[in-house]
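Engineer:
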Amino acid sequence: MSRTKEYVVTKCYNLPGGECFTLESGVGLEELRVAYETYGELNEEKTNAVLICHALSGDAHVAGYAKGDKKPGWWDPMIGPGRAFDTDKYFIICSNVIGGCKGSSGPKSINPATGKHYGLSFPIISMGDIVAAQKKLVESLGIKKLLSVCGGSMGGMQALQWAVDHPDMIVSCIPIATTYKHSAQQIAFDEVGRQAIMADPAWNGGDYYHSEPPSRGLAVARMVGHITYMSNESMDQKFGRILKKEKLGYEFTTEFEVEGYLRYRGDSFVKRFDANSYLYITKAMDYFDIQKDKKLSEAFKGIKMRFLVIAFSSDWLYPPSQSKELVKALKMNGIDVTYCEISSAYGHDSFLLEFDEQTKLIKHFLNRSFKKKAAEK
Amino acid sequence: MTSKVKEELRLDHKVIGDMVGKDTMVLDMGCGTGDLLEYLVINKGVKGAGVEINEDAIYSCVEKGLSVSHGDIDSGLREYPDKLFDYVIFNQTMQQVHKPKEALNEALRIGKKVIIGFPNFCNFKARMQLFFMGHVPITPSLPYTWYDTPNLHFLSIKDFVVFCKGQDINIEKSVYLSEEKMVRFMPNLFAQNAVFQISRD
Chain W
1 MSRTKEYVVT KCYNLPGGEC FTLESGVGLE ELRVAYETYG ELNEEKTNAV
51 LICHALSGDA HVAGYAKGDK KPGWWDPMIG PGRAFDTDKY FIICSNVIGG
101 CKGSSGPKSI NPATGKHYGL SFPIISMGDI VAAQKKLVES LGIKKLLSVC
151 GGSMGGMQAL QWAVDHPDMI VSCIPIATTY KHSAQQIAFD EVGRQAIMAD
201 PAWNGGDYYH SEPPSRGLAV ARMVGHITYM SNESMDQKFG RILKKEKLGY
251 EFTTEFEVEG YLRYRGDSFV KRFDANSYLY ITKAMDYFDI QKDKKLSEAF
301 KGIKMRFLVI AFSSDWLYPP SQSKELVKAL KMNGIDVTYC EISSAYGHDS
351 FLLEFDEQTK LIKHFLNRSF KKKAAEK
Chain H
1001 MTSKVKEELR LDHKVIGDMV GKDTMVLDMG CGTGDLLEYL VINKGVKGAG
1051 VEINEDAIYS CVEKGLSVSH GDIDSGLREY PDKLFDYVIF NQTMQQVHKP
1101 KEALNEALRI GKKVIIGFPN FCNFKARMQL FFMGHVPITP SLPYTWYDTP
1151 NLHFLSIKDF VVFCKGQDIN IEKSVYLSEE KMVRFMPNLF AQNAVFQISR
1201 D
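Line order of the protein sequences matches chains W and H.
For what it's worth, this note's numbering labels the leading residue of the first sequence as 1, then goes sequentially.
For what it's worth, this note's numbering labels the leading residue of the second sequence as 1001, then goes sequentially.
See the structure below:
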């Protein structure tokens, strides 16, 4: 698509009238919208569809240019003709998670019962609910089985949730820079972010859609998040102790480059993201636990799909040790798994930066999965 | 590595290929760039998996369509259930693991049979270098200097046979190789490499 300079258009799936989408909590939603984009062509047998799941602050716009875009989608170097997700061969789908703020149902949406923004009256959602909504979308496209579900960070959580919730619907699974359950440290960082938002008076109990949004709180949440996405090494390389001015000013201004960078990151984030969505999505991540109270290996009992698990050496937010535990649990079930720990200094953000290495792995893994599927027929 | 060593390793592959049954499950510990596994997949129709520590080698394996896991042999063995594999292969890697005894016992737990290929330290060339020249041997099957070798353990064919006896391990098959051909006469003296197929009841 990007090849022909065509603009990518975000499409929308709506839950058919009369149907109710029941969440894990038991609450039902009578209106459900899932914003999505697609790239490439779905083949006649509908066997070449790949679902890509986005991370906390991502959206359905994974590749190509939408009208007015200065930059392409968030994983553009991975998707296109000849790329890891080769659009000449595969049909790529990426949807915005429910609870999000980029076109899918979330706290910013209008509650049909009241005609007002949901705000905090939007029900709490889980990773299972996010995936169940994606399943509705996939089924609406006439696809019975996905060739692969892939994602980094929270996208990887969705891929794993797909694997355990709908094992018969996917041929292969590619979790990247992720975990099988949110650890205490991961929950702790999310809670700091939520508290920053909630401590901002503008948040107003989540009711701010007709007033000034809690930009300071959301910016601080993003700043904390950003620290966890980088590594000590990458921060040191990028900023060190470099000052914005020539010497120390002995005042509480933005003196260090790293301070300025974080503030810039925080400020640009609030322009494109909804604070309430940040609360809902981080909550879904904290609830994420496919192990629950059993042995991790039991979570994958009876699963037949192939796995490609990718971790990054300097990722301390979702460290390789968690991926290794996941890989071990898969192996204990005799599941066909490939695991690679890519050496990178970029920390958690590596999955958004190390394209060559990920391409080498994903391209051939997908190709093999596609051939295998064809051979089984 | 010299081309002669490469030749010999290919002979290794053929020897191992002859031991491995058709359409079986194989785990290659320290599979490198996956040449042996690929050979077994193509020629024996095996369902293969590999464990490899080198990141670049992982990319080569994945390019060949192989399933491979990034990690070291010592801990990698513990990650599989009992008797999952028909064959667990250590081709030129056993001498590089930290604890060979534990590794072999683990391999015999997860595999019905274990195939192990290793360089014979007591080959006559090595013995001559030790005796006449007074230095640690450098031979086609042991091509490294003492300060730059991946090998942590040095053993002879005889050592391995004695080890198996002590551990109640059955030696089912053994093949001895020089640089280009099989060795049948006094292997502990003339063979540069040995390939054993072992099992435990």
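Using N, Cα and C, we set each Cβ at its ideal position, and we do this for glycine too.
Just to confirm, is the Cβ distance from F312 (chain W) to F351 (chain W) under 8 Å?
Structural biologist: Yes, Cβ-Cβ distance for F312 (chain W) and F351 (chain W) is below 8 Å.
Engineer: Report all residues from its chain with a CB closer than 6 Å to the CB of V220 (chain W); omit the five preceding and five following residues, and keep chain order.
Structural biologist: Taken in chain order, the residues that qualify are A196.
Engineer: Measuring CA to CA, which of H:K1047, H:G1034, H:V1062 is closest to Y339 (chain W)?
Structural biologist: Answer by Cα proximity: H:V1062.
Engineer: Is the separation between the beta-carbon of N1123 (chain H) and that of T1139 (chain H) shorter than 8 Å?
Structural biologist: Cβ distance < 8 Å, so N1123 (chain H) and T1139 (chain H) count as in contact.
Engineer: According to DSSP, is R306 (chain W) part of a helix, a strand, or is it coil?
Structural biologist: It is a strand residue.
Engineer: What are the boundary residues of the alpha helix (DSSP H) that includes S172 (chain W)?
Structural biologist: Run containing S172 (chain W): none in the alpha helix (DSSP H); it sits in the beta strand (DSSP E), 172-176.
Engineer: Give every residue of the same chain whose Cβ lies closer than 8 Å to the Cβ of L1177 (chain H), excluding the five residues on either side of it in the sequence, and list them in chain order.
Structural biologist: Excluding sequence neighbours, L1177 (chain H) sits near E1008, L1011, D1012, V1015, V1183, A1191, Q1192, N1193, A1194, V1195.
Engineer: Assuming V1020 (chain H) contacts V1046 (chain H) (C-beta within less than 8 Å), just tell me the rounded distance between them.
Structural biologist: With 8 Å as the limit, V1020 (chain H) and V1046 (chain H) qualify as a contact, their Cβ atoms being about 6 Å apart.
Engineer: Can you list, in chain order, the residues of the stretch 1150-1178 of chain H whose Cβ is nearer than 9 Å to any Cβ on chain W?
Structural biologist: Correct list: empty, as no residue qualifies.
Engineer: Just the C-alpha distance for Y7 (chain W) and Y39 (chain W), rounded to the nearest angstrom, thanks.
Structural biologist: Their backbone Cα atoms lie some 11 Å apart in a straight line.
Engineer: Can you grab the Cα-Cα spacing for the pair K1158 (chain H) / K1173 (chain H), in whole Å?
Structural biologist: Rounded to the nearest angstrom, the two C-alpha atoms are 15 Å apart.
Engineer: Exposed or buried, what is G1048 (chain H) when buried is set at 16 or more other beta-carbons lying within 10 Å of its beta-carbon?
Structural biologist: It is buried - the Cβ of G1048 (chain H) has at least 16 other Cβ atoms within 10 Å.
Engineer: Determine whether the Cβ of E1055 (chain H) lies closer than 8 Å to any Cβ atom of chain W.
Structural biologist: Yes, its Cβ sits closer than 8 Å to a Cβ of chain W.
Engineer: DSSP three-state label for K181 (chain W), please.
Structural biologist: The answer is strand: DSSP assigns K181 (chain W) an E or B state.
Engineer: Across which residues does DSSP place P201 (chain W) in a beta bridge pair?
Structural biologist: DSSP lists no partner for P201 (chain W).
Engineer: Considering only C-alpha positions, which residue in the set W:D190, W:V192, W:A199, W:D336 is nearest to L1066 (chain H)?
Structural biologist: Among W:D190, W:V192, W:A199, W:D336, the Cα nearest to that of L1066 (chain H) belongs to W:D336.
Engineer: Could you tell me which residues DSSP puts in a beta bridge with S126 (chain W)?
Structural biologist: BP columns for S126 (chain W) are empty, so no partner.
Engineer: Go ahead and label D200 (chain W) buried or exposed: buried means 16 or more other beta carbons lie within 10 angstroms of its beta carbon, across all protein chains shown.
Structural biologist: Buried, by the Cβ-count rule.
Engineer: Kindly indicate which three-state DSSP category G266 (chain W) falls into: helix, strand or coil?
Structural biologist: Helix, per DSSP.
Engineer: Taking 7 Å as the limit between beta carbons, can you name the residues of its chain near G142 (chain W), skipping five residues before and five after?
Structural biologist: K46, listed in sequence order.
Engineer: Thinking just about the alpha-carbon of each residue, which of W:D59, W:L56, W:V34, W:K67 is nearest to the one in V9 (chain W)?
Structural biologist: Ranking W:D59, W:L56, W:V34, W:K67 by Cα distance to V9 (chain W) puts W:K67 first.
Engineer: Flag I1198 (chain H) as yes if its beta-carbon sits less than 8 Å from any beta-carbon of chain W, otherwise no.
Structural biologist: Not one chain W Cβ lies under 8 Å of I1198 (chain H).
Engineer: Listed in chain order, which residues of the stretch 357-372 of chain W have Cβ atoms closer than 7 Å to some Cβ of chain H?
Structural biologist: Result list: K360, L361, H364, F365, R368.
Engineer: Could you name each continuous alpha helix (DSSP H) segment of 4 residues or more that falls completely within the stretch 1033-1090 of chain H, going from the start of the chain to the end?
Structural biologist: If we require 4 residues or more, the alpha helix (DSSP H) runs fully inside the stretch 1033-1090 of chain H come out as 1035-1044, 1055-1063, 1073-1076.
Engineer: At 4 residues or longer, what runs of the alpha helix (DSSP H) sit wholly inside the stretch 1093-1145 of chain H?
Structural biologist: Complete alpha helix (DSSP H) runs here, min 4: 1100-1110, 1124-1128.
Engineer: How many whole angstroms separate the CB atoms of D349 (chain W) and M230 (chain W), which I take to be in contact at a CB cut-off of 8 Å?
Structural biologist: With a Cβ gap of about 6 Å, D349 (chain W) and M230 (chain W) count as contacting.
Engineer: For the stretch 146-161 of chain W against the stretch 174-183 of chain W, do three or more pairs of beta-carbon atoms, one drawn from each stretch, fall closer than 8 Å, so that the two count as touching?
Structural biologist: Enough Cβ pairs lie closer than 8 Å, so yes.
Engineer: Taking C340 (chain W) as the query, report the chain H residues whose CB atoms sit under 9 Å from its CB, ordered along the chain.
Structural biologist: Per Cβ cutoff of 9 Å: E1055, I1058, Y1059, V1062, V1068, S1069, H1070.
Engineer: Return the CA-CA distance between Y261 (chain W) and R194 (chain W), expressed in angstroms with no decimal places.
Structural biologist: Taking the straight line from one Cα to the other gives about 21 Å.
Engineer: Consult DSSP for I1157 (chain H) and reduce its assignment to one of helix, strand or coil.
Structural biologist: Helix at I1157 (chain H).
Engineer: Which word fits V109 (chain W), buried or exposed, when buried means at least 16 other C-beta atoms lie within 10 angstroms of its C-beta?
Structural biologist: Strictly speaking, residue 109 (chain W) in this sequence is Ser, with Val absent from that position. When all chains shown are included, S109 (chain W) counts as buried.
Engineer: By alpha-carbon positions, which one of W:E19, W:F21, W:S25 ends up nearest to K283 (chain W)?
Structural biologist: Closest option to K283 (chain W), Cα to Cα, is W:S25.
Engineer: Is it buried or exposed, M1001 (chain H), if we count other Cβ atoms within 10 angstroms and call 16 or more buried?
Structural biologist: The predicted model places M1001 (chain H) with a pLDDT of 40, which falls under 50 and marks its position as unreliable, so this point remains unresolved.
Engineer: Taking E37 (chain W) as the reference, give the member of W:P112, W:L137, W:Y118, W:D168 with the closest Cα.
Structural biologist: When only C-alpha atoms are compared, the closest one is W:L137.
Engineer: Kindly list the residues whose CB is nearer than 8 Å to the CB of Y1080 (chain H), restricted to its own chain and excluding five residues on each side of it in sequence; keep chain order.
Structural biologist: Closer than 8 Å at Cβ, skipping near neighbours: L1027, I1110.
Engineer: Helix, strand or coil for N232 (chain W) per DSSP?
Structural biologist: Three-state DSSP puts N232 (chain W) in a helix.
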